[in-house]
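What follows is one structure encoded as structure tokens, with my remarks underneath.
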Amino acid sequence: MEYNFKEIEQNAKKKWNDEGVYKVSNTSDKPKFYILDMFPYPSGAGLHVGHPLGYIASDIYARYKRMKGFNVLHPMGFDEFGLPAEQYAIETGQHPVDTTKKNIARYREQLDNIGFCYDWDRQVRTSDKKYYRWTQWIFLQLFNSYFDKKLQKAVPIPELVSVFENEGNAKHICPADEKLRFTATEWNAFTEKEQQDILMNYRLAFCGFGEVNWCEALGTVLANDEVVNGLSERGGHPVVKKKLRQWYLRITEYADRLLDGLNTVDFSEAMKEMQRNWIGKSVGAQISFQIKNTTANIPVFTTRPDTIFGVDFMVLAPEHDLVSSISTEEQKQAVEEYITYVKSRSERERMAEKKISGCFTGAYAIHPFSGKEIPVWISEYVLAGYGTGAIMAVPCGDERDHKFAQHFQIPITNIIGEKYNGEEAYAEKDFTLVNSDFINGLSPKDAAVKVIERMLADKIGEAKVNFRMRDAAFSRQRYWGEPFPIKWKDGIAYPLSEMELPLELPHVESYGPGPDGEGPLANIASWKEEGYETNTMPGYAGSSWYFLRFMDPHNEHEFADRAATDYWNQVDIYIGGTEHAVGHLLYSRMWTKALYDLGFIGFDEPFKKLVNQGMITAFSYFVDLKNYFAKSKSNNSFNVGYSYHRILSLNEIPEEFVIGNNNGEELEWSFRPEIQLGLYRLKDVGDFIESGDILYKESYHKWLDEYPERKIELSKFLEPQWLKSESNREYIKVKVETEKMSKSKFNVKNPDDIIAQYGADTFRMYEMFLGPLDVSKPWDTKGIEGVHRFLRKFWRLYNDDAKGWIVTEEAATEAELKALHKSIKKIEQDTERFSFNTAVSQFMIAVNELTDLNCHKREILKPLVQLITPYAPHIAEELWQQMGETDSIILADFPKYEERYVTENSKVYPVAINGKTRTELEFALDASQADIEKVVMENEIVQKWLEGKTPKKIIFVKGKMINMVI
RNA sequence: GCGGGUGUGGUGAAAUUGGUAGACACGCUAGACUUAGGAUCUAGUGCUUCGCGGCUUGGGGGUUCGAGUCCCUCCACCCGCACCA
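Numbering (this note's numbering), first residue to last: 251 to 1216.
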């Protein structure tokens, strides 16, 4: 009987489905284990082979943990709200509900095809009103809470109100306006509107105004990546900054706890570092500088208050509010010219710019202590959005300031002493201050304290902690998202009561934007009349808490039963890509902390361990059109376009070629003058390439034949300059590049095709065999054959093509037991540490060894089936049934490793002379060093290499090696 | 510019603690079986050399009896970024 994977996989899936083996209970006496995949957005393109990489890893791990005796929660659901569905709706008029449903059906089919062990009864979908009801509910909890700085936790708003009524806000600094002060009497005298406006400045979910990318022509707000050089990506319309009413989450209040929490979770250092950088905590001081001859006062934030006497100039962001008012008449024109230059530059360009640029404003600031006059400059290297948008420049202590000073020949004050060499800034803090008035002779650390004391006394500054992170914008002017459970009346936002949830997303006639930058919901008269909020929640709302809903997905009374969240607790392992490093992960960490603070759950970090998966990339192949000949009418060939350099993407090859001429002779074609030649992408050519980058003439034509449209495009006018191989075959060399898999690059591989050809088990094992989980690696269809061959070889241990079932009851030999148990040990260890590629190798080694031993014994082959179950569950199930078992293999145990079968009593030692291995000798493990040395010295090869000398030293490491130093 | 990461055969990679570099596969070469092979099996395959041997983990240097692994330095590529003051 042959390995018929199609039939085997169908039967296995049916059995699992019929017997409901993947159903997970919330009550069990087994220890729990929660393993989670990142929530997929069901796009219209379906899955490609890169998507399931993490899912396969988590599936293997989940199955492994089950077999190890854990009650494993391994759920899957869909993050349905999102821009692509809405964009598609705008273009086609199809309701996102319908397209999303279709996409999910396709995803589900593809996921099932791979054979995942999800408990689909627990599926959650964010656009399901039974789900978003609780998203709205959590929003209301955030709306009804503020962050108590003293307690460092979220507290319900009514508690704050009663404090205000009794003592005003002296003990509760307003996070949105630190200067706001009112007494109890004042509070009680405020109108409701005034009170609510104040409370809004405390709420964790609050409404405010913020700048967005507004495209008038499209009547809509655009994401950053939809804006290219100040124009909309679609259509190229101008985009301007516009202030719109927006909802926000006051995540900045959690900055410190989000930082501290990183110490309690098992994320990669790189991931933690990214989050730390995003939060961007810096400790320093804010100091005000008076501008000479004006009333203007410019505050700067610095992390180095100790360098205050080294300030030689000041730099404002070109966008800074005061730039125009402080610039002098003589400098005005230069300043304006510089601002125009900066406006034409993207943030990216400003960031990467090495060339120093800037402009003097003509104004001078007064040093707060010395009274020295300091020139005020503007430069693109200072950004408006960070700190106060202004810096005090200390050239001797900051490299960038130093270069700026050198470039514009601004005199540099040395406060560092000998350690500053005049050539480059000295940024270390191990020096003693000089030229620094009252802090002379102090270390930077002591000086900072003293400077801050003095600033406080003089009322010109204070110690300050600055965060880079901003509050999270939490609304979109879009249709396809959760409606806010908010009603506006007389400018006051009133929350809906819990009874009124869910506030259902209404039907709309068109998905186009509403008036004045509002979302589509503003087009519904009844919605507006009721005063409902017309914004909707952003894509990350539903995904910020979905891991909680999986614990108790059908609960109608709560977002999840407390007993369930207590039982499942944190996600033990979360697998996903690094692209969510700062967005999703920070938001869900914040939501978890807020829910914890308010007493709804018992843990304040959602994900105990995070495992990152790498990207699966694809090889793309290009030919350089320089190496092509164009066919002319007279049949003479011309070398085309050697003077062109630019990379030409497929889309840029014009459909109609314009007749042109070359050296006076008319060609059958030429490219339009504005189109330049360069690299031409060979679509789907991968299977025709040999030895990495060789495309033989026959293969080239075979490839062209398969794709008639390409034949016209490429071969009608162009003929490659063929090279000749040694065996006289004609070929061209193609250029190979590794790229992200994407539809637009024509390098996408669909898992369904692979599975149809090789089966799900092969697909699963091959994805793991490609390389380590966390690094990106290219997909190479050729390699899959090896894994498929392995599975057939594995099958043949049990089934002979002619004789059928060949498993015997004979007792296993020592060698066979050793092969088995060595593999159990290695595969168990590798699975535990997510080293799935090496585990697959070990399976291959085991099967190779057992085949060589001609082993067909049940004693060996039964545990082997159990061992492979997490990796290749379908074939395992089939063989398990053939073994005569009736229960599913899914319910079986992981085989137990027994040390005694693998213990060795001797070892073949490498014998090295001066570190170079010259021979190998076998010794008993308990042999003494003296005995070993004696045998080694007598060895012929050793004698030869010793050349009669006596070794100075013999190094013997038991169980490892022998090295003789001469 | 800053931060993080990666460099090992023709290719994907392995080497878990400083101890035989290249396991396991792909590809390639030769052969066996076969009506056939895109099935299966056998042998070989880092580079170099007829061979003995020599060389080899991006380059250079160091520590060590011994370095892919540790240290210094340089280079290349990839990812992220808000020049973070």
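No residue lacks a Cβ here, since even glycine has one placed at the ideal position from N, Cα and C.
- Residue environment analysis places K714 among the buried positions, since at least 16 neighbouring C-beta atoms fall within 10 angstroms of its C-beta.
- Taking a contact to require three or more Cβ pairs closer than 8 Å, the stretch 551-558 and the stretch 636-644 qualify as touching.
- CA-to-CA, the gap between I501 and F797 works out to about 20 Å.
- Spanning the alpha carbons of F289 and F366 requires a straight line of approximately 15 Å.
- According to DSSP, residue pairing for R495 in a beta bridge involves F459.
- When DSSP states are grouped into helix, strand and coil, M1211 belongs to the strand group.
- When only Cα atoms are considered, L1103 and V1185 end up about 33 Å apart.
- Taking 3 residues as the shortest admissible run, the stretch 359-405 contains the following complete beta strand (DSSP E) segments, listed from N- to C-terminal end: 395-398.
- Remark: fewer than three beta-carbon pairs, one from each stretch, lie closer than 8 Å, so the stretch 756-775 and the stretch 400-417 are not flagged as touching.
- Less than 8 Å divides the Cβ of G864 from the Cβ of V1025.
- The beta strand (DSSP E) runs lying completely inside the stretch 516-574 and spanning 3 residues or more are 531-541, 547-552, 563-566, given in chain order.
- Secondary-structure assignment with DSSP links E712 through a beta bridge to Q536.
- Take L297, set aside five residues on each side of it, and the residues of its chain with a beta-carbon closer than 7 Å to its own are Y357, Q360, P1001, in chain order.
- The alpha-carbon of W497 is positioned some 14 Å away from that of D447.
- Around V322, the same chain offers F283, A312, K315, R316 as residues with beta carbons nearer than 6 Å, after the five sequence neighbours per side are excluded.
- Contact annotation: K1027 and I866 have beta-carbon atoms nearer than 8 Å.
- Looking at the backbone, the Cα of N664 and that of Y614 are separated by about 20 Å.
- Secondary structure within the stretch 273-303: the beta strand (DSSP E) runs of 3 or more consecutive residues, fully enclosed, are 282-287 (chain order).
- Residue burial is scored here from C-beta neighbours: Y744 has fewer than 16 other C-beta atoms within 10 angstroms and is therefore classed as exposed.
- Under the 10 Å beta carbon count, Q727 is surrounded by 16 or more other beta carbons and is classified as buried.
- Buried is the label assigned to Q820, since at least 16 other Cβ atoms lie within 10 Å of its Cβ.
- Judged by DSSP in its simplified three-state form, S793 adopts helix.
- A direct Cα-to-Cα measurement between D1137 and R1108 gives close to 18 Å.
- Ranked by Cα distance from T1088, the options E1149, W1130, M1018 are led by M1018.
- Boundaries around L1070 are those of the alpha helix (DSSP H), 1064-1082, since no beta strand (DSSP E) includes it.
- Across the set E330, A675, F857, the C-alpha of E330 shows the shortest separation from the C-alpha of K351.
- N353 and A295 have their alpha carbons spaced roughly 8 Å apart.
- In the DSSP annotation of this structure, V684 is not part of any alpha helix (DSSP H), being labelled neither H nor E.
- Annotated as proximal: E1170 and V1161, with beta-carbon spacing under 8 Å.
- Counting of Cβ neighbours within 10 angstroms places G852 among the exposed residues, the total staying below 16.
- Nearest C-alpha to Y588 among Y631, Y1008, A831, D1003: Y631.
- As DSSP reads the structure, E415 sits in no beta bridge.
- The continuous alpha helix (DSSP H) containing G1036 extends over residues 1034-1046.
- Contact check for I364 against I306 passes: the beta carbons are separated by less than 8 Å.
- Relative to the Cα of K256, the nearest Cα in the group T1081, V861, I1004 belongs to I1004.
- For P625, the uninterrupted beta strand (DSSP E) run begins and ends at 623-628, by DSSP.
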